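Novice:
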Amino acid sequence: MADTPFYITTAISYPNGRPHIGHAYEAIAADVIARYHRLAGRPVRFQTGTDEHGLKMARKAAEQGLAPRQLADEMSSYFREMCDRLNVSYDRFIRTSEPDHHRASQALWQAMAANGDLYLDRYEGWYSVRDEAFYDETELVTGEGGEKLSPQGTPVEWTVEESWFFRLSKYEGQLLELLKQPGFLEPASRRNEMIAFVEQGLRDLSVSRTSFNWGVKVPGSDGHVMYVWVDALTNYLTGLGYPDETELMARFWPASLHLIGKDIVRFHTIYWPAFLMSAGLPLPQKVFGHGFLLNRGQKESKSLGNVTDPLALAERFGVDALRYFLIREVAFGQDGSYSPEAIVQRANGELGNAFGNLAQRTLGFIAKNLDGRLPKRGAESAADLALLDAVARATESEMPEAFAALALQQAVEAWLQAVFACNAYIDAEAPWTLRKTDPARMESVLATLCIAIGRLAMAISPVIPASSTRLLDMLGVPEAARSLGGIAADWYSDLTGSGHVIAPPTPLFPRLELAPEEA
Ligand code: ME8
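Quick note on the working numbering: the sequence shown kicks off at 255 and runs consecutively.
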């Protein structure tokens, strides 16, 4: 619905190192979704940030001879810089070390305690610092050297300490119902695993730690800090002003979409809803677990030496080319792979040759032959109507439907088909020939192309916002028309009367080159 508020969040990243391509991918995907909903006219709130507490951060800081806060300050700034550089339009970049977040986490804790769901006991079991997760003996796997590993393949350590526990077992029935609710957890392929996990019986969850102090203090329990996932998940509420009854809370809670990676679905679809049930708060409408991004099919790791800095990729190929590639290449929800060759191929072929050239040819021709005056629309031929129809189908139904359903790749495919239709049209109508034989018809063809290009630029703006804006500015499309509703409107008639002049265009998508060893 056009005016229903939309609250979207990404996972908050551990700032124990610099951002990697997976972080960039998640931020970009969330941004595309947020921008689509803004285009559709909905009030949108978009939150991302960093998850700064816990043993992983504390140990990394100690290794580097830093206080955890120093490490968090430094690394968090790289994550924010990445978002800014990639044109990620967040409303709040949250850091869990911020005072309002401590207050929100303590309030949620107290709400769970008031409901009788927290009790003091002793934790004795396995913990993976890398996953910041407790594991049952039965979940562990054996490594190559016979060592015990978490199901994610990370080292585990035996942990014994006094701990607060959350009565997770109490929520089994409600959680099963939730997980079976269509649309709550997507893609649906991730559901069975979660359902199986609940069906085998849930143990109460250890939710505080006493062996270190880098975390949110447990209210009224000296020496205890919250288990990092308890405070991390609470970030989604902090950003709206919880526990105060703010306008943001009233408007944007429950969240419309928590966008996360597939490795942290358990935390978001089991622990988080249980905490909210306990605190008497409404549950998020949807959790989407996207796939992992691999470097030429391989997981990036320091030992393989294949870790890529996403900002270096953006610097080299351009922000929009990188954004376009990631959304276009990967079926959203599945794993995907990237390489410089694949980025260059998509960017040159689809952005440069197909869309960029279309715009370049059309605007360049107008600048040169009409002194930049916008061409007049004439009586439309069957070919004109067929093209405008194809563009309308893509921009007014296929793309919005795909974006709304989080089928991001399909949205781009629908757009690309319409771009191809424009290219076939310009070749068939050949305005350069009409210039001599039928100038009025030439103007009609160019006008049809301007309308088509303007609509396609608006519709793809969630994916390549900077390039779309540049093109719409060159065309002179009024701000007011730059919305999903505006796409179908008759902005072109207003434009032809506005005296706007099209300047000779500079290329939107400069041709990208590979290094000789990559080609
Ligand atoms: O999990 N491809 O933080 P994180 C795609 N702090 N996505 C990837 C990825 C890859 N190769 N590697 C990681 C955490 N991700 C917690 C979240 S939320 C309350 C707390 C995704 O820095 C990962 O799935 O390890 C997660 O969604 C996000 O990046 C941050 O991962």
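Ideal Cβ positions, reconstructed from N, Cα and C, are used throughout, including at glycine. These figures come from a predicted structure and were not determined experimentally.
Report yes if the C-beta distance between Ser382 and Val414 is below 9 Å; otherwise report no.
Specialist: For the purposes of this step, residue 382 is identified with residue 128 of the sequence shown, where counting begins at 1. For the purposes of this step, residue 414 is identified with residue 160 of the sequence shown, where counting begins at 1. Cβ atoms of Ser382 and Val414: not closer than 9 Å.
Novice: Between which two residues does the alpha helix (DSSP H) carrying Arg272 extend?
Specialist: Taking the first residue of the sequence shown as 1, we reach residue 272 at position 18. First-last for Arg272: undefined, no H or E at that position.
Novice: Using the C-alpha atoms, what's the distance from Pro473 back to Arg376?
Specialist: The count along the sequence shown starts at 1 and reaches residue 376 at position 122. The count along the sequence shown starts at 1 and reaches residue 473 at position 219. About 18 Å.
Novice: Taking three-plus beta-carbon pairs below 8 Å as touching, is the region 426-435 in contact with the region 479-498?
Specialist: no
Novice: May I ask which residues mark the beginning and end of the alpha helix (DSSP H) holding His522?
Specialist: Translated into positions along the sequence shown, residue 522 becomes position 268. Per DSSP, His522 belongs to no alpha helix (DSSP H) and is neither H nor E.
Novice: Do three or more CB pairs link the region 561-577 to the region 538-548 at distances below 8 Å?
Specialist: no
Novice: How would you call Gly559, buried or exposed, if buried means at least 16 neighbouring beta carbons within 10 angstroms?
Specialist: Numbered from 1 along the sequence shown, position 305 holds the residue referred to as residue 559. So Gly559 counts as exposed.
Novice: If you run the structure through DSSP and keep just helix, strand and coil, what is Ser475?
Specialist: Along the sequence shown, one-based indexing puts residue 475 at 221. Ser475 falls in the coil class under three-state DSSP.
Novice: His544 lies in the beta strand (DSSP E); which residues open and close that run?
Specialist: On the sequence shown, position 290 is the one that residue 544 refers to. 541-544 is the extent of the beta strand (DSSP E) around His544.
Novice: Determine, using beta carbons only, whether Ser462 and Ser417 come nearer to each other than 9 Å.
Specialist: Here residue 462 is taken as the residue at index 208 of the sequence shown, counted from 1. Here residue 417 is taken as the residue at index 163 of the sequence shown, counted from 1. Yes, the Cβ-Cβ distance between Ser462 and Ser417 is below 9 Å.
Novice: Let me make sure I understand the geometry here. Which of His274, Leu710, Glu634, Ile756 has the alpha-carbon closest to that of Ala675?
Specialist: In the sequence shown, counting from the first residue as 1, residue 675 sits at position 421. The candidate whose alpha carbon is nearest that of Ala675 is Leu710.
Novice: So what does DSSP say about Arg615, is it helix, strand or coil?
Specialist: Taking the first residue of the sequence shown as position 1, residue 615 is located at position 361. Three-state result, Arg615: helix.
Novice: Just to confirm my understanding: we take Pro594, look at its own chain, exclude 5 residues before and 5 after, and list those with CB closer than 7 Å. What are they?
Specialist: As a first step, residue 594 is located in the sequence shown; it is residue number 340 there, counting from the start. Around Pro594: Leu768, Glu772.
Novice: Which residues in the same chain have their Cβ closer than 7 Å to the Cβ of Thr264, if we skip the five residues on either side of it in sequence?
Specialist: Counted from its first residue, the sequence shown places residue 264 at position 10. Correct list, in chain order: Glu280, Ala281, Ala284, Thr302, Leu513.
Novice: Between the Cα of Pro654 and the Cα atoms of Leu726, Ala640, Met329, Trp669, which residue gives the shortest distance?
Specialist: For the purposes of this step, residue 654 is taken as residue 400 along the sequence shown, with counting starting at 1. When only C-alpha atoms are compared, the closest one is Trp669.
Novice: DSSP has Lys402 in a bridge; who is on the other side?
Specialist: The sequence position of residue 402 within the sequence shown is 148, counting from 1. Beta-bridge pairing links Lys402 to Thr396.
Novice: What distance in whole Å lies between the Cβ atoms of Leu617 and Pro759, which are believed to be in contact at a cut-off of 8 Å?
Specialist: Residue mapping note: residue 759 aligns to position 505 of the sequence shown, counting from 1. Residue mapping note: residue 617 aligns to position 363 of the sequence shown, counting from 1. The Cβ separation is near 4 Å, so the contact holds.
Novice: Taking 8 Å as the line, does the beta carbon of Glu554 fall inside it for any heavy atom of ligand 1?
Specialist: Here residue 554 is taken as the residue at index 300 of the sequence shown, counted from 1. Yes, Cβ of Glu554 sits closer than 8 Å to a heavy atom of ligand 1.
Novice: Less than 7 Å between C-beta atoms, sequence neighbours within five positions excluded: which residues of the same chain meet that for Met503?
Specialist: For the purposes of this step, residue 503 is taken as residue 249 along the sequence shown, with counting starting at 1. Taken in chain order, the residues that qualify are Leu494, Gly495, Tyr496.
Novice: Quick check: does the Cβ of Lys516 come within less than 8 Å of any heavy atom belonging to ligand 1?
Specialist: For the purposes of this step, residue 516 is taken as residue 262 along the sequence shown, with counting starting at 1. For ligand 1, at least one heavy atom lies less than 8 Å from the Cβ of Lys516.
Novice: Taking 8 Å as the line, does the beta carbon of Ile275 fall inside it for any heavy atom of ligand 1?
Specialist: Sequence index remark: in the sequence shown, residue 275 carries index 21 (1-based). Yes, Cβ of Ile275 sits closer than 8 Å to a heavy atom of ligand 1.
Novice: So, does the region 438-450 touch the region 330-349, judging by three or more C-beta pairs under 8 Å?
Specialist: no
Novice: Indicate whether the contact test is met: 3 or more Cβ pairs, each with one atom in the region 327-345 and one in the region 269-280, closer than 8 Å.
Specialist: yes
Novice: Three or more C-beta pairs under 8 Å: does that hold for the region 600-611 against the region 741-748?
Specialist: Touching, no, given that fewer than three Cβ pairs across the two stretches are closer than 8 Å.
Novice: Rank Leu700, Gly626, Gln588 by C-alpha distance to the C-alpha of Trp686 and give the top, closest one.
Specialist: Residue mapping note: residue 686 aligns to position 432 of the sequence shown, counting from 1. Of the listed residues, the one whose Cα sits closest to Trp686 is Leu700.
Novice: Beta carbon of Pro536, beta carbon of Leu432: below 9 Å?
Specialist: As a first step, residue 536 must be located in the sequence shown, where it is residue number 282. As a first step, residue 432 must be located in the sequence shown, where it is residue number 178. The answer is no: Cβ separation not under 9 Å.
Novice: By Cβ distance, which residues of its chain are closer than 7 Å to Asn677, with the 5 residues on each side in sequence left out?
Specialist: The sequence position of residue 677 within the sequence shown is 423, counting from 1. Excluding positions up to five away in sequence, the list reads Ala608, Leu612.
Novice: Ligand 1 and Glu280: does the residue's C-beta get closer than 8 Å to at least one heavy atom of that ligand?
Specialist: Position 26 of the sequence shown, counting from 1, holds the residue named residue 280. Indeed, a heavy atom of ligand 1 lies less than 8 Å from the Cβ.
Novice: Per DSSP, what kind of secondary structure is Pro259 in: helix, strand or coil?
Specialist: As a position in the sequence shown, residue 259 is number 5, starting the count at 1. Coil, per DSSP.
Novice: For Arg289 and Tyr373, I'd like the C-alpha separation in whole angstroms.
Specialist: Here residue 289 refers to the residue found at position 35 when the sequence shown is read from its first residue. Here residue 373 refers to the residue found at position 119 when the sequence shown is read from its first residue. Cα to Cα, the separation comes out at about 43 Å.
Novice: Taking only three categories from DSSP, how would you classify Phe438?
Specialist: For the purposes of this step, residue 438 is taken as residue 184 along the sequence shown, with counting starting at 1. Of the three classes helix, strand and coil, the one that applies to Phe438 here is coil, per DSSP.
Novice: Taking the C-alpha atoms as reference points, what is the distance between Gln664 and Phe586?
Specialist: Counting from 1 along the sequence shown, the entry for residue 664 is found at position 410. Counting from 1 along the sequence shown, the entry for residue 586 is found at position 332. Rounded to whole angstroms, Gln664 to Phe586 spans 9 Å at the Cα level.
Novice: Output the boundary residues of the alpha helix (DSSP H) element that contains Arg631.
Specialist: Translated into the one-based positions of the sequence shown, residue 631 becomes position 377. No alpha helix (DSSP H) contains Arg631, which DSSP labels as neither H nor E.
Novice: On the criterion of 16 or more Cβ atoms from any shown chain inside 10 Å, does Leu309 qualify as buried, or is it exposed?
Specialist: The count along the sequence shown starts at 1 and reaches residue 309 at position 55. Buried: at least 16 other Cβ atoms inside 10 Å.
Novice: Tell me whether the beta-carbon of Pro297 lies closer than 9 Å to the beta-carbon of Pro564.
Specialist: Residue 297 sits at position 43 when you count from the first residue of the sequence shown. Residue 564 sits at position 310 when you count from the first residue of the sequence shown. Taking C-beta atoms as the reference points, Pro297 and Pro564 fail to come closer than 9 Å.
Novice: Can you say whether Val755 is buried or exposed, counting buried as having 16 or more other CB atoms within 10 angstroms of its CB?
Specialist: Indexing the sequence shown from 1 puts residue 755 at position 501. Answer is exposed; the Cβ neighbour count stays below 16.
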